[in-house]
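Numbering (full-length UniProt numbering), first residue to last: 1 to 270.
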């Protein structure tokens with residue numbers, strides 16, 4: 001069995017198929033770890049969602065902020081944004097089947113010391129704690145109050161997670177950390193404005209992976225296309241998977257056993 005981790009698809013369906021062909025991927029034998037943001041911005045969001053869902057147990061998927069945005073629009077009453085490309089999903093005949101499947105995906109996938117989330121893992125959280133916190137959100141998303149939570153999920157407050165938090169504030173802090181984090185300060189406070197490369201760090205903030213940890217996990221993450229697949233200056237074992245396919249970069253798979261990276265070029269601006 002071969003295991004590959006792939007960054008943000010964001011509706012780049014043609015490139016996804018080309019990458020699977022380059023990998024000689026066989027769902028009866030191999031496994032994909034997908035770091036979230038399956039949909040939005042690219043032209044093939046519906047096709048990507050259907051393709052990944054059809055892989056069944058061969059695909060281990062975490063939710064990204066764009067996936068959650070789709071759920072918030074479809075089931076939480078949120079408005080679409082000007083650059084969204086999710087209308088084909090919202091109008092599809094199999095819409096509810098796809099949304100049910102997506103809503104049941106976790107925020108975190110772990111295999112021993114290897115852990116994948118969409119945005120990364122702050123140094124203040126251990127692996128067991130991260131699993132537990134992600135589970136709180138997953139429990140809410142699959143429960144009777146999921147619609148209410150999706151309605152109230154987004155916002156920039158609180159800016160960091162604190163153990164005593166309760167209710168929507170607590171869940172929002174978990175979601176923001178696992179799906180929107182880039183730059184943080186030494187206490188784990190998130191900055192929501194800087195989204196470019198490392199030189200755009202606000203004063204007092206640094207990339208989450210440049211802070212040391214007490215343990216030594218292997219952390220897989222997407223979300224940050226401006227890194228172009230390089231967690232430069234990392235003080236932890238971190239693998240940046242998003243190589244900006246939807247922005248004209250490439251779509252990249254990391255072989256989790258050999259460490260080799262295999263990429264196909266973007267076709268978005270061909």
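We put the CB at the ideal spot given by N, CA and C, even for glycine.
For residue j and residue i, believed in contact at Cβ under 8 angstroms, the rounded distance
i, j, result
"residue 219", "residue 201", "Contact flag wrong, Cβ pair sits at about 19 angstroms."
"residue 64", "residue 84", "In fact, because the Cβ distance is near 14 angstroms, the residues do not count as touching under 8 angstroms."
"residue 123", "residue 212", "7 angstroms"
"residue 121", "residue 130", "6 angstroms"
"residue 56", "residue 14", "About 22 angstroms separates the two Cβ atoms, so there is no contact after all."
"residue 3", "residue 256", "4 angstroms"
Spatial neighbours of residue i in its chain, beta-carbon cut-off 8 angstroms, leaving aside the 5 residues before and after
i, result
"residue 72", "78, 150, 151, 153 and 154"
"residue 75", "99, 103, 146, 147 and 150"
"residue 229", "7, 240, 241, 242, 243, 252 and 261"
"residue 171", "136, 137, 140, 149 and 153"
Three-state secondary structure assigned by DSSP to residue i
i, result
"residue 234", "coil"
"residue 252", "strand"
"residue 171", "helix"
"residue 266", "coil"
"residue 208", "helix"
"residue 187", "coil"
"residue 201", "coil"
"residue 182", "coil"
"residue 219", "strand"
"residue 15", "helix"
"residue 196", "coil"
"residue 260", "coil"
"residue 21", "helix"
Beta carbon of residue i nearer than 7 angstroms to that of residue j
i, j, result
"residue 12", "residue 245", "yes"
"residue 1", "residue 24", "no"
"residue 109", "residue 62", "yes"
"residue 240", "residue 226", "no"
"residue 190", "residue 159", "yes"
"residue 180", "residue 119", "yes"
"residue 22", "residue 262", "yes"
"residue 18", "residue 264", "yes"
"residue 183", "residue 205", "yes"
"residue 39", "residue 20", "no"
"residue 107", "residue 115", "no"
"residue 254", "residue 5", "yes"
Contact set for residue i: own chain, Cβ-Cβ below 6 angstroms, skip 5 residues either direction
i, result
"residue 233", "210"
"residue 141", "103"
"residue 289", "Nothing can be reported for residue 289: it is not among the residues displayed for the chain, which extend from 1 to 270."
"residue 249", "243 and 266"
"residue 80", "73"
Cβ shell of residue i (< 7 angstroms), same chain only, five flanking positions each side left out
i, result
"residue 46", "88, 89 and 92"
"residue 42", "10, 11, 12, 85, 246 and 268"
"residue 16", "9, 48, 51 and 251"
"residue 7", "35, 222, 241, 242, 243 and 252"
"residue 53", "98 and 101"
"residue 117", "62, 107, 108, 178 and 221"
"residue 169", "158"
Heavy atom of the ligand MN within 6 angstroms of residue i beta-carbon
i, result
"residue 40", "You won't find the ligand MN in this model; it holds no ligand whatsoever."
Neighbour flag for residue i against chain B, beta carbons, 7 angstroms
i, result
"residue 5", "Given the protein chain composition of this structure (a single chain), no chain B is represented."
Could you tell me which whole beta strand (DSSP E) segments of length 3 or greater appear in the region 23-103? 31-34 and 59-61
Which full runs of the beta strand (DSSP E) of 3+ residues lie inside the region 105-163, going along the chain? 109-111 and 114-116
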